[in-house]
Each structure stands twice: as structure tokens, then as C-alpha cells.
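**Q**
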Amino acid sequence: MTRLIIVSNRTPGKAPAAGGLAVALRKTLARHDGFWLGWSGSFTEKPSAEARFETIDGLTVAQIDLTRDDHKAYYAGFSNSILWPAFHLRLDLTDIQSHWYEGYRRVNAQFADALVPHLRPDDVIWVHDYHLIPLATELRRRNVRNRIGFYLHIPFPTPDALHAIPHHEDLLQDLVAYDLVGFQAQRDVAAFNEFIAHEQMYKEAGGTPFVVELGDTVLDAFPIGSDPDAFAQLATSPNARKMYKRVARAMNGRAVILGVDRLDYSKGLPQRVGAYEKLLENNARLRRMVHMIQIAPPSRDTIKEYRVISEELDAAVGRVTGRFAEPDWLPITYVKRAYSQASLAGLYRLARVGLVTPLRDGMNLVAHEYVGSQDPEDPGVLILSRFAGAAEIFHDALLINPFDADETAEAMREALSMPLAERKARWTRLMEAAQAHNVDNWAADYLDALAGPQTSNPTAPSRLRGSMPAGSPQTPPTSTLAFWRSVFG
Ligand code: ADQ
Numbered sequence: 500m501t502r503l504i505i506v507s508n509r510t511p512g513k514a515p516a517a518g519g520l521a522v523a524l525r526k527t528l529a530r531h532d533g534f535w536l537g538w539s540g541s542f543t544e545k546p547s548a549e550a551r552f553e554t555i556d557g558l559t560v561a562q563i564d565l566t567r568d569d570h571k572a573y574y575a576g577f578s579n580s581i582l583w584p585a586f587h588l589r590l591d592l593t594d595i596q597s598h599w600y601e602g603y604r605r606v607n608a609q610f611a612d613a614l615v616p617h618l619r620p621d622d623v624i625w626v627h628d629y630h631l632i633p634l635a636t637e638l639r640r641r642n643v644r645n646r647i648g649f650y651l652h653i654p655f656p657t658p659d660a661l662h663a664i665p666h667h668e669d670l671l672q673d674l675v676a677y678d679l680v681g682f683q684a685q686r687d688v689a690a691f692n693e694f695i696a697h698e699q700m701y702k703e704a705g706g707t708p709f710v711v712e713l714g715d716t717v718l719d720a721f722p723i724g725s726d727p728d729a730f731a732q733l734a735t736s737p738n739a740r741k742m743y744k745r746v747a748r749a750m751n752g753r754a755v756i757l758g759v760d761r762l763d764y765s766k767g768l769p770q771r772v773g774a775y776e777k778l779l780e781n782n783a784r785l786r787r788m789v790h791m792i793q794i795a796p797p798s799r800d801t802i803k804e805y806r807v808i809s810e811e812l813d814a815a816v817g818r819v820t821g822r823f824a825e826p827d828w829l830p831i832t833y834v835k836r837a838y839s840q841a842s843l844a845g846l847y848r849l850a851r852v853g854l855v856t857p858l859r860d861g862m863n864l865v866a867h868e869y870v871g872s873q874d875p876e877d878p879g880v881l882i883l884s885r886f887a888g889a890a891e892i893f894h895d896a897l898l899i900n901p902f903d904a905d906e907t908a909e910a911m912r913e914a915l916s917m918p919l920a921e922r923k924a925r926w927t928r929l930m931e932a933a934q935a936h937n938v939d940n941w942a943a944d945y946l947d948a949l950a951g952p953q954t955s956n957p958t959a960p961s962r963l964r965g966s967m968p969a970g971s972p973q974t975p976p977t978s979t980l981a982f983w984r985s986v987f988g
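Written as C-alpha cells, this is what we have:
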């Protein structure tokens with residue numbers, strides 16, 4: 500049977516996760532004799548290409564240690580202080596230190612060295628996210644001829660933002676070393692094509708463009724999802740009910756407006772609190788009838804910009820509290836901790852409004868989880884940023900521009916007064932979309948495309964290619980059922 504090898508920055512931990520990406524990939528891997536490679540979370544004095552294998556809950560995990568310096572350059576440095584902000588169009592938040600690139604490449608080479616001794620010729624390799632863009636190049640240099648796919652979980656940037664990234668030419672060349680590059684949304688495929696068109700324009704204007712030879716690399720959108728049916732079940736589980744009841748009692752009939760995010764500047768949290776402030780400012784009658792709950796556990800707090808956004812959010816919450824609180828009513832609760840998925844499902848179900856307003860986001864799984872957790876007889880309303888990949892799927896959300904506080908406040912007012920019939924109609928269509936784009940379908944579609952055309956009809960046209968202008972008609976996916984059955988059957 501063809502094995503599947505998954506590679507990502509970290510491997511899933513020992514704590515059982517209740518849903519989401521790790522669970523979906525775990526399920527996919529469970530059907531194979533494959534393994535998952537990533538950084539162990541431990542540091543070592545000397546870099547080593549020896550992967551340690553262990554079995555966690557039936558999943559084979561291979562882990563490598565990194566030196567502290569390499570990890571800093573690769574993770575906090577090049578990945579999260581250059582690639583993450585630039586890909587999210589926050590050039591103002593980048594910290595461009597070109598020397599980090601060497602550490603980034605060194606770690607990718609170390610991943611390749613760790614992988615090669617364990618590869619078999621027909622293994623399929625699936626690499627995840629911006630930390631590991633050069634991995635296919637490193638593997639090809641080591642004569643690996645297997646099918647290798649890459650999936651980008653974050654948005655693809657505009658040409659200008661790409662140009663601001665040191666060594667971006669190498670990174671583009673690295674992308675086309677993969678057989679398949681998967682993006683979250685058509686927007687991202689279009690952004691890739693825009694870069695190609697931009698270089699062409701530059702050439703026509705007499706410049707020396709950077710030419711990306713796509714070769715056989717296929718680029719396409721594979722929007723990720725959650726498991727909405729699992730969330731529907733989870734939302735009525737005892738642990739979810741416990742959280743639901745506890746918070747409902749404290750709310751005493753007030754409508755909950757809920758945000759759940761990792762604390763990250765891409766999620767638009769101070770702007771969101773600002774929009775809530777507008778809602779209270781413009782609608783005095785709502786003041787004692789609503790309550791905003793924002794859950795945002797800190798992340799990446801070794802990076803200065805993350806400490807700054809945390810302070811900005813503290814200040815915004817303090818401002819709204821000071822401005823509107825009364826001795827017997829608080830407008831907002833801000834919680835800086837992570838909750839189990841069951842507790843989150845209970846909160847999602849209680850919330851009359853789900854506020855998902857990132858400034859830019861690859862997909863945003865909270866939107867999917869919120870939809871999955873609703874009570875079909877009394878569903879809440881999803882308010883969703885136009886700049887989340889999820890906006891390409893959830894047309895029945897109230898779509899807003901997160902930079903526009905008035906528009907977002909107005910959407911909250913509309914959501915709070917939306918009649919039950921409209922809430923039900925919108926939610927039914929949202930749930931259908933979440934089910935159609937569930938995480939199992941995502942993994943299956945991606946791996947089907949990664950299997951490549953050679954296993955079915957070698958003359959079949961491939962899927963949307965990066966060199967095509969944005970908006971070109973897509974050819975239908977080639978059927979690779981035979982391969983699919985051999986891998987997953
Ligand atoms: P993230 O930026 O981490 O992921 P997101 O898609 O919102 O963003 O996923 C967050 C996950 O973390 C959800 O499953 C959510 O339940 C969980 N989570 C958030 N806050 C939590 C809390 N307080 N307690 C417990 N769990 C919490 C990146 C990209 C996204 C893309 C995903 C998947 O930035 O755009 O959707 O990968 O591809």
C-alpha cells in the first residue's frame with residue numbers, strides 16, 4: 500500500500516484533540532502505514548538529522564530536535580517575523596533580518612536529511628505551511644523522486660508584499676519544486692497568477708523579470724474545513740452543556756456576541772472591540788441587553804509584535820469597559836486562555852452572534868466551528884470578514900469589512916434583531932456549505948490531486964495552473980480513483 504508522509508513544523512501532541520486539522524490528518528494517516536514528521540519542541544546543542552520515532556495513540560510520529568539558534572532564525576525569525584506578516588500584508592510589522600534566511604534553509608535541509616533514510620519510492624509526501632516552503636527543493640537535491648505536495652494554510656501575498664521578502668525568488672522556485680501547491684482560496688491562486696503577470700509586465704517595460712518555470716507543478720485552491728457534524732454532536736455533549744449553562748446563567752438573558760481567536764494581529768481584535776464600542780455608542784437601548792465575550796489566548800509571545808497587539812487589546816477592552824460599564828453590568832469579558840473544544844462548542848451554541856473579523860486570514864476555522872455548533876431551531880448569526888478565505892464559502896454570513904467599524908457595528912445590530920426565519924434560512928445554507936467543505940473532503944480532494952494524472956489518464960488536462968491568467972476556466976479534476984483506492988481503500 501502507498502504510504503503517506505505528513506511533514507509540518509510540529510507534530511500533533513499527546514493530548515487528544517477533539518476536532519480540526521490534527522484530527523483529520525490523524526484519521527487520514529491512520530488508514531496508512533505512514534508517519535508524521537516535525538520538530539520535537541526540544542533543543543539540542545548540535546544539529547542532528549536523526550528522527551526519533553514513537554507511536555502516540557496509534558499514530559507514528561517522527562521528531563527532530565533543533566539548535567536554539569536555528570530554531571530562532573527559522574521559526575520566530577524568518578517564518579513568523581517575515582513570512583507571516585508579509586503574507587498577511589502587514590509589511591509594517593515585518594522585521595526584515597535577511598540573515599534569518601540561512602537558518603530557515605538550514606532547518607529545511609535538516610528536515611530533508613531526517614526524512615530521506617525513511618522514504619520508500621512510492622511514498623506520497625504532504626508538506627504543510629510556510630515554515631517548510633524549501634523542503635521539496637531540499638528533497639529533490641537528495642534525489643527524492645516521490646510525489647511531493649505543499650499546502651499553504653495562510654493567504655498568498657500580493658506582488659509588492661512578495662517583493663519585500665528577502666530571497667523571494669528562491670521561495671517561488673521552491674514552490675514549483677512541488678508536484679502540487681494547494682492554496683486555501685481562489686483569491687490565493689489569483690494572487691500567485693498576479694505575481695506571474697506582474698513579472699511579465701515588468702519584462703514588457705524593459706526590466707529583467709524573475710521567471711518562474713512552472714513545469715508540471717499544479718496550483719489550485721483546496722479550501723480547508725472543520726468537521727461540522729462532529730461539532731453539532733459536541734455542542735450537546737455534557738461538557739458543552741456545562742459551559743453553556745454556566746455562561747447562560749451569568750448572562751441572565753443577555754445576547755452573547757462571541758469572538759474566539761488565537762491572539763494574533765491578523766485577527767483584527769482591537770478593531771473588533773472598536774466596532775462593538777460603536778454598537779454601544781450608536782444604540783443606547785442595547786447597552787444592558789448584550790455582552791461581548793472575547794476569548795484570545797496569547798500565541799508567539801517571544802515576538803515583540805505579539806506583545807504589542809496584546810497590550811493594544813488590553814487597552815481597547817479597558818476603554819470600552821471604562822466607558823460603558825455600570826455597577827451591575829459589564830459590556831465585555833476578555834479571557835486569555837484556551838478551552839477544550841467541547842467548552843468552545845457550548846459557547847458557540849450559546850452565542851447569538853459569532854464575530855469572525857480577521858483583517859486577513861487563510862481560511863478561519865472558528866467560522867466553520869461556529870456554524871457546526873448552532874441549534875438548528877434557534878441558530879445564531881455569523882458575521883464574517885470579507886478578507887477571510889471562509890468568505891468564499893459562507894455567502895450567507897453577514898460579510899463585513901473589518902477595517903470599517905460602522906459597517907461591522909451595523910452588522911451586529913442587524914444580527915441581534917434578525918428574525919428567526921431568516922436566521923434559520925441563512926444557517927441552513929451555511930451548514931450545507933460547512934458540510935460540503937468538511938475537513939475529510941479537503942484531505943481527500945487534496946490527496947486525490949496529489950496522486951497526479953499519471954495514475955489515471957496521462958493525457959488528461961491538469962487542474963488550474965499558475966501560469967494561467969486569473970479567472971481562466973478550470974479544467975475538471977482528473978480522476979485518480981485507482982490510486983486513491985490503493986492509498987486509502
Ligand atoms: P490559525 O491562525 O490558528 O490557523 P484558525 O483557522 O482560526 O486560525 O484556527 C484556530 C483553531 O484554534 C480553531 O480550531 C479554534 O477552535 C482553535 N482555538 C482558537 N482559540 C481557541 C481557544 N481559546 N481555546 C481553544 N482552541 C482555540 C491557520 C490559518 C487559518 C487557517 C488554519 C487552518 O491562519 O487561516 O484556517 O491555519 O488551515
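Start counting the sequence shown at 500; every next residue gets the next number (my numbering).
Beta carbons: idealized from backbone N, C-alpha and C, even for Gly.
Computed from a predicted model, the values in this text were never measured in an experiment.
#1: Helix, strand or coil for G714? Go by DSSP, reduced to three states.
#2: From this set, E544, A734, F823, T657, which residue's C-alpha is nearest E698's C-alpha?
#3: Between the stretch 535–548 and the stretch 561–568, do three or more beta carbon pairs fall short of 8 Å?
#4: Does the count of Cβ pairs from the stretch 609–618 and the stretch 584–593 closer than 8 Å reach three?
#5: Any heavy atom of the ligand ADQ closer than 8 Å to the beta-carbon of V865?
#6: Is I808 near the ligand ADQ, going by C-beta to nearest heavy atom under 8 Å?
#7: Work out the CA separation of T856 and S507 for me, nearest whole Å.
#8: T636 lies in the alpha helix (DSSP H); which residues open and close that run?
#9: Buried or exposed: where does E484 fall if 16 or more other Cβ atoms within 10 Å of its Cβ makes it buried?
#10: Can you grab the Cα-Cα spacing for the pair L614 / A550, in whole Å?
#11: Check whether the stretch 691–706 touches the stretch 870–881, counting contact only when three or more Cβ pairs, one atom from each stretch, lie closer than 8 Å.
#12: Would you say the beta carbon of E891 is closer than 8 Å to some non-hydrogen atom of the ligand ADQ?
#13: Report the option in H666, E909, L864, Q770 whose CA atom is closest to the CA atom of A887.
#14: Is A936 near the ligand ADQ, in the sense that its beta carbon is under 8 Å from a heavy atom of that ligand?
#15: Give the C-beta separation of A720 and A684 to the nearest angstrom, bearing in mind that I take them to be a contact with Cβ-Cβ under 8 Å.
#16: Fully enclosed by the stretch 861–913, which alpha helix (DSSP H) runs are 4 residues long or longer?
#17: Using a Cβ-Cβ cut-off of 7 Å (strictly less than) and excluding sequence neighbours within five positions of M967, which residues of its own chain qualify?
#18: Do D760 and Y805 come within 9 Å of each other at the CB atom, strictly closer than that value?
#19: Closest to T735 by C-alpha separation, out of S842, L590, E913, A908, would be which residue?
#20: Check this for me: beta carbons of L634 and I653, under 9 Å apart or not?
#21: What residues in its chain sit with their C-beta under 8 Å from that of T989, if we drop five residues either side in the sequence?
#22: Looking at V852: is its Cβ nearer than 9 Å to the Cβ of L915?
#23: Have a look at E703 and A774 and give me their C-alpha separation to the nearest angstrom.
#24: Tell me the residue span of the beta strand (DSSP E) that contains A754.
#25: In or out: N751 buried (at least 16 other Cβ within 10 Å) or exposed?
**A** The relevant details are as follows:
#1: coil
#2: T657
#3: yes
#4: no
#5: yes
#6: no
#7: 27 Å
#8: 634–640
#9: One cannot answer for residue 484 here, as it falls past the ends of the chain, which runs 500 to 988.
#10: 8 Å
#11: no
#12: no
#13: L864
#14: According to the sequence shown, residue 936 is His rather than Ala. No, the beta carbon of H936 sits no closer than 8 Å to any heavy atom of the ligand ADQ.
#15: 5 Å
#16: 864–872
#17: Only weak support is given to the placement of M967: the predicted model assigns it a pLDDT of 32, under 50, and the value that follows is read from those uncertain coordinates. Correct list, in chain order: N692.
#18: no
#19: S842
#20: no
#21: Here the chain comprises residues numbered 500 to 988, so residue 989 is not present and cannot be evaluated.
#22: yes
#23: 45 Å
#24: 754–759
#25: exposed
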